[in-house]
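Here the structure comes first, spelled out in structure tokens, and everything after it is commentary.
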Amino acid sequence: MNPEEIKGTQQTAQTVNFIRTIIDEDNRTGKWGGRVLTRFPPEPNGYLHIGHAKSICLNFGLARDYNGVTNLRFDDTNPVKEEQEYIDSIIEDVHWLGFDWEDRLFYASDYFDTLFDYAIKLIKAGKAYVCNLSAEEIRSYRGTLTELGKSSPYRGRSIEENMQLFEAMRNGEFDEGDCVLRAKIDMASANLNLRDPVMYRILFAEHHRTGNKWCIYPTYDFTHGQSDSIEKITHSVCTLEFEDHRPLYDWYCVHLEIHHPQQIEFARLNLTYTMMSKRKLLDLVKEGIVRGWDDPRMPTISGFRRRGYTPKSIRDFADRIGVSKKESMVDYSLLEFCIREDLNKTAPRAMAVLNPLKITITNYPDDLTELLDAINNPEDASMGSRQVPFSKEIYIERDDFMEEPPKKFYRLAPGKEVRLRYAYYITCREVIKNENGEITELFCTYDPETKGGSSPDGRRVLGTIHWVSARHALHAEVRLYEHLFTLEDLNDIPENEDWHNFINPKSFEIITGWLEPSLKNSTPGSRFQFERLGYFCVDADSNESKLVINRTVTLRDSWAKINK
RNA sequence: UGGGAUGUGGCCAAGUGGUAAGGCAUCGGCCUUUGGAGCCGACAUUCGCAGGUUCGAAUCCUGCCAUCCCAGCCA
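Pasting the structure below:
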């Protein structure tokens, strides 16, 4: 193994968390015979977001590191909310992230027959009954956090009667809401989940997979653990809010006498300036506040993909945030660090001007075009170089010129010399303004001795700025994004305040950029670093006549900090 | 006022009785044909608080405080 590989291995091995500690212990005691089988169990009622990415990386990462595998299983027990579109998007997103479940794609609905048999088993054991209380009555009989519940009048029904009633439920002999099947556990439990939880409800809804075969559907609690069990899952990893459900998860496994996986809960991801609520994300889409689930401002996996994030950067992010049981709020800057780090190594450089200021180089020949060598990636020599056209009229960034520069500004200013990247040194000779006093153009001279960007006399030029030849420039629609919300921690919104009030009106801006011509035939998904500006990626909205480009993330800008 | 969980620097996060890893952010400096990248350095006398046990406590014990979750026929 070469030093590089050893380094990589150690990096993986050093990632410790409480779940790995549990698995290490299981392996030591032989609890599962060294087996590790996890699953990622999304409900297909929305698109996956970065919080799901954390879970995906956790589950698939655990299996990968312990020589196990991971199943993809759709938790599709509520036909009124679930759709094929979501299934398709989830499959695409998990694959895109770089994970593979091979032939182990499952649906909880695959187990409806088995689940029905399990229900029968509990009825026959006297541990489940059909209850005719209404939803409201069930709620009031359940009691409260501090008051015990009381038994349903139907709790004492005979096994025979329950069998007959449950069959009738399945056969569609009752209306929705007439009755449910409940587990007979403990109405006095301090854990509300154990106060005779509902196992089956009547729903005359067409299921996206089972069609109209069923008019009764099992609840999450009566489905999830059993599905894990059927698949012989060893470690069932879920989020903190299911901690209170674990006793019920365990109860079903024990009383059904089936394989009993261990449920382990971890804290879900919260990110600053955004939110993970599927419902609110759906609202953003429905209300047209964003352009769709894959709007580059969305915290969805498809949003990040369109924005230009790489799967590797998101996996790296998931590794870096760690896993624990403490509810946390991760800085968005960590995510930005991860994408910059990846793209710095892999993205070819190019020059583009987003806010142009025209320069005429007065001593440069009128019709001459020179092709100058430019390095594609200073971080990776194997990416080679390209040629960029240079001519008498160019555009530079408006921010790169100041008529009255402060002390540490070492870009262009009247009388000052600056390096045009890969081209020449130029000196500003004259500032041209319109009748409103606005700067419209600069007259500069160039030093022919400095071709390529260095001078024979070794004179020091601190500032290097990017540029694009006016005559050769390529137009593009450039889309700039900022945080979708103005509030750092969206949990801080008071109960009575509408979260819509915190949507950032400046989160999306369209401008016209002037690009170097080498970008002409770039295809959707291509990523670049526009030197000194940031990382950008070609959007799918591009066509042969128009290039559309998304800004993924800006470069770090220490001048902006000094300037503040 | 019931039950379940969590409290380690601005944000994450190791640590499981032997004297506070690491990352992001921040702040200095070096270097630089991207004010990018890179490199070097700084950054918790202290682990929610108060007691106690111990030669020794973030780790054990007691009490308190704070925050989150639970009363869907959602997942």
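According to my numbering, the residues represented by the first sequence are 61 to 624, in order. No residue lacks a Cβ here, since even glycine has one placed at the ideal position from N, Cα and C. Nothing here was measured: the structure is a model prediction, and the numbers come from that model.
Beta-carbon proximity of residue i to residue j, cut-off 8 angstroms
{"i": "Tyr455", "j": "Lys418", "result": "yes"}
{"i": "Ser373", "j": "Ala327", "result": "no"}
{"i": "Leu403", "j": "Ile110", "result": "no"}
{"i": "Gly237", "j": "Ile198", "result": "no"}
{"i": "Glu317", "j": "Phe302", "result": "no"}
{"i": "Thr268", "j": "Asp136", "result": "The identity of residue 268 in the sequence shown is His, whereas the question assumes Thr. Taking 8 angstroms as the Cβ cut-off, His268 and Asp136 qualify as a contacting pair."}
{"i": "Pro257", "j": "Leu225", "result": "no"}
{"i": "Thr429", "j": "Pro449", "result": "yes"}
{"i": "Arg380", "j": "Leu394", "result": "yes"}
{"i": "Thr505", "j": "Arg481", "result": "no"}
{"i": "Cys117", "j": "Asn192", "result": "no"}
{"i": "Ser567", "j": "Tyr595", "result": "no"}
Beta-carbon contacts of residue i that lie in its chain and below 8 angstroms, excluding the five residues immediately before and after
{"i": "Asn105", "result": "Asn138, Lys141, Glu142, Glu143, Tyr146 and Lys338"}
{"i": "Gln70", "result": "For Gln70, the predicted structure reports a pLDDT of 33, less than 50, and the residue's modelled location is therefore unreliable. A value from the coordinates is still provided. Cβ neighbours of Gln70 beyond the five flanking positions: none."}
Residues near residue i in its chain [Cβ-Cβ closer than 7 angstroms; skip 5 each side]
{"i": "Ser445", "result": "Asp433, Ala434, Ile435 and Asn436"}
{"i": "Glu548", "result": "Thr332 and Tyr333"}
{"i": "Thr656", "result": "Nothing about residue 656 can be read from this structure; the chain reaches only from 61 to 624."}
{"i": "Asp601", "result": "Val608"}
{"i": "Arg217", "result": "Tyr189 and Val190"}
{"i": "Val521", "result": "Glu477, Val478, Arg479 and Tyr485"}
Residue i (DSSP reduced to helix, strand or coil)
{"i": "Cys313", "result": "helix"}
{"i": "Ser679", "result": "The requested residue 679 does not occur in the structure, where the chain is confined to residues 61 to 624."}
{"i": "Glu64", "result": "For Glu64, the pLDDT reaches just 33, beneath the cut-off of 50, and the residue's location in the model is therefore unreliable, although a value from the coordinates is still provided. If DSSP states are grouped into helix, strand and coil, Glu64 belongs with the helices."}
{"i": "Ala407", "result": "coil"}
{"i": "Asp177", "result": "helix"}
{"i": "Leu344", "result": "helix"}
{"i": "Cys275", "result": "coil"}
{"i": "Thr89", "result": "helix"}
{"i": "Thr546", "result": "coil"}
{"i": "Glu11", "result": "No statement about residue 11 is possible, as the shown extent of the chain runs from 61 to 624 and does not include it."}
{"i": "Val76", "result": "coil"}
{"i": "Phe397", "result": "helix"}
{"i": "Met443", "result": "helix"}
{"i": "Glu604", "result": "coil"}
{"i": "Leu225", "result": "helix"}
{"i": "Phe562", "result": "helix"}
{"i": "Ser514", "result": "coil"}
{"i": "Ile245", "result": "coil"}
{"i": "His112", "result": "helix"}
{"i": "Gly158", "result": "coil"}
Strand pairing of residue i, partner residues [DSSP]
{"i": "Lys493", "result": "Ile499"}
{"i": "Pro416", "result": "Glu457"}
{"i": "Thr487", "result": "Glu477 and Thr505"}
{"i": "Gly209", "result": "Answer is none; Gly209 lacks a bridge partner."}
{"i": "Ile421", "result": "Cys504"}
{"i": "Asp433", "result": "Gln447"}
6 angstroms CB neighbourhood of residue i in its chain, flanking five on each side removed
{"i": "Asp246", "result": "Leu254"}
{"i": "Arg133", "result": "Arg99, Pro101 and Phe166"}
{"i": "Pro577", "result": "His532 and Leu534"}
{"i": "His112", "result": "none"}
{"i": "Pro416", "result": "Tyr455 and Trp574"}
{"i": "Gly94", "result": "Asn87"}
Rounded distance between the beta-carbons of residue j and residue i, thought under 8 angstroms
{"i": "Asn77", "j": "Ser384", "result": "7 angstroms"}
{"i": "Met443", "j": "His526", "result": "Their Cβ separation, rounded to whole angstroms, is 18 angstroms, which puts Met443 and His526 out of contact at 8 angstroms."}
{"i": "Ala168", "j": "Thr283", "result": "5 angstroms"}
{"i": "Cys597", "j": "Gly348", "result": "About 24 angstroms separates the two Cβ atoms, so there is no contact after all."}
{"i": "Gly573", "j": "Ala536", "result": "5 angstroms"}
{"i": "Ile399", "j": "Thr370", "result": "7 angstroms"}
{"i": "Gln286", "j": "Tyr126", "result": "That pair is no contact at about 24 angstroms."}
{"i": "Cys313", "j": "Ser296", "result": "With a Cβ gap of about 10 angstroms, Cys313 and Ser296 do not count as contacting."}
Any non-hydrogen atom of the ligand MG closer than 7 angstroms to residue i Cβ
{"i": "Arg242", "result": "The ligand MG is absent from the structure shown, which contains no ligands of any kind."}
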